[in-house]
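Input: a single structure, listed below in structure tokens.
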DNA sequence: TTTTTCTGTTTGACATATCAAACACCTGTC
DNA sequence: GACAGGTGTTTGATATGTCAAACAGAAAAA
């Protein structure tokens, strides 16, 4: 089959997703604005790499820049960041709270998978995790 | 932090994993042996790409070749293929049977994730899915 | 046997993602 | 104002993974 090629058909690569997540994280204290240097430091890669990567990310409409070369997520960028963060939180919570996977491993696994999980799976997982937590509450009373 | 770089630290890339899976699949009728052409056809990429990719995969000890350029998984290759197949089956079963995700979407999601799931998560997932299926049986009686 | 087709490899190209190093431009400090 | 340091970009390099096209050799068909 060719299902395996879907892997390359994701909206964002792992790298691009983490550039956006870093901007979101860094921007929190500065009205959403972040600098190339800080993104590079956050990701542990060089300023040069970030500069090049942002060119493509900007071209695709996920970030905007101002006259001082500050970087900010576009509405579209913010949307995908929020979706990814939701998926990560959900999946990690499933791993630790439902499966009992260690916190460290759950962090690694959910980070690898956060940008790959479909909307459908995400929704069903949300429903399931909520239901699970409710039933846990009930049983413990 | 730098957890995000773990993504690149996997034993196999998605592409390499699927080369191994294809060899395993094709080899079933020929004592494990497969041809470059058939692998390429199976994956939907060119013979040239497979030829180049196999060079690296062979160098890393996942496959062996004979004098007729036939390709076969090494014991190490077979081991990782089996681990990946187990993870995929498990995760897909979780998605469809537990979460109620559609078959098509479950196929796509599990294919994206099969080579990324840790051993720890895989084991806990196996335990959970088995338990879930048992409880389903009990309730339906 | 000759010719055609198929096979595996190689080459040159492109895309992504990284690095180090050089560069130009600011922004401080003295 | 000069000089030091930080910032963003660019360039040249490497690695992976893909393509198309050219090639040589093997197999199949005529």
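Protein chains in written order, with the working numbering: chain A, 10 to 150; chain B, 10 to 150.
All residues carry an ideal CB built from backbone N, CA and C; glycine is no exception.
Considering Cα atoms alone, identify which of the options is closest to residue i.
{"i": "residue 54 of chain B", "options": "A/13, A/103, A/112, A/140", "result": "A/13"}
{"i": "residue 99 of chain B", "options": "B/84, B/115, B/86, B/32", "result": "B/115"}
{"i": "residue 52 of chain B", "options": "B/67, B/69, B/68, B/32", "result": "B/32"}
{"i": "residue 11 of chain B", "options": "A/97, A/142, A/38, A/49", "result": "A/49"}
{"i": "residue 103 of chain A", "options": "A/136, A/146, A/56", "result": "A/136"}
{"i": "residue 84 of chain A", "options": "A/38, A/72, A/94", "result": "A/72"}
{"i": "residue 22 of chain A", "options": "A/146, A/63, A/142, A/37", "result": "A/63"}
If you draw a straight line from the C-alpha of residue i to the C-alpha of residue j, how long is it?
{"i": "residue 130 of chain A", "j": "residue 106 of chain A", "result": "18 Å"}
{"i": "residue 87 of chain A", "j": "residue 17 of chain A", "result": "22 Å"}
{"i": "residue 101 of chain A", "j": "residue 119 of chain A", "result": "5 Å"}
{"i": "residue 92 of chain B", "j": "residue 128 of chain B", "result": "9 Å"}
{"i": "residue 138 of chain A", "j": "residue 76 of chain A", "result": "45 Å"}
{"i": "residue 89 of chain B", "j": "residue 20 of chain A", "result": "28 Å"}
{"i": "residue 113 of chain A", "j": "residue 67 of chain A", "result": "33 Å"}
{"i": "residue 95 of chain B", "j": "residue 117 of chain B", "result": "16 Å"}
{"i": "residue 37 of chain B", "j": "residue 57 of chain B", "result": "23 Å"}
{"i": "residue 132 of chain B", "j": "residue 110 of chain A", "result": "9 Å"}
{"i": "residue 15 of chain A", "j": "residue 97 of chain B", "result": "15 Å"}
{"i": "residue 70 of chain B", "j": "residue 144 of chain A", "result": "48 Å"}
{"i": "residue 146 of chain A", "j": "residue 61 of chain A", "result": "49 Å"}
{"i": "residue 59 of chain A", "j": "residue 65 of chain A", "result": "10 Å"}
{"i": "residue 140 of chain A", "j": "residue 141 of chain B", "result": "14 Å"}
{"i": "residue 74 of chain A", "j": "residue 74 of chain B", "result": "52 Å"}
So residue i packs on residue j, CB below 8 Å; how close in whole Å?
{"i": "residue 47 of chain B", "j": "residue 30 of chain B", "result": "Actually they do not touch by this definition, with Cβ atoms about 13 Å apart."}
{"i": "residue 134 of chain A", "j": "residue 108 of chain B", "result": "6 Å"}
Quiz item: Does the pairing of the stretch 20-35 of chain A with the stretch 114-128 of chain A give three or more beta-carbon distances under 8 Å?
Solution: yes
Quiz item: Mind listing which residues of the stretch 106-124 of chain B have their C-beta closer than 8 Å to chain A's C-betas, in chain order?
Solution: 107, 108, 109, 110, 111, 114, 115, 116, 117, 118, 120, 121, 122
Quiz prompt | Inter-stretch contact at 8 Å, needing at least 3 Cβ pairs: the stretch 38-46 of chain A / the stretch 79-91 of chain A | solution = yes
Exercise. Determine which residues of the stretch 47-58 of chain B have a Cβ less than 8 Å from any Cβ of chain A, and write them out in chain order.
Key: 52, 53
Quiz item: Closer than 7 Å, Cβ to any Cβ of chain A: which residues of the stretch 126-145 of chain B, in chain order?
Solution: 126, 127, 129, 130, 133, 134, 137
Practice problem: Please name the residues in the stretch 20-50 of chain B whose beta-carbon is closer than 7 Å to at least one beta-carbon of chain A, in chain order. | Solution: 23, 27
Quiz item: Just by C-beta distance, which residues in the stretch 89-106 of chain A are closer than 7 Å to chain B?
Solution: 104
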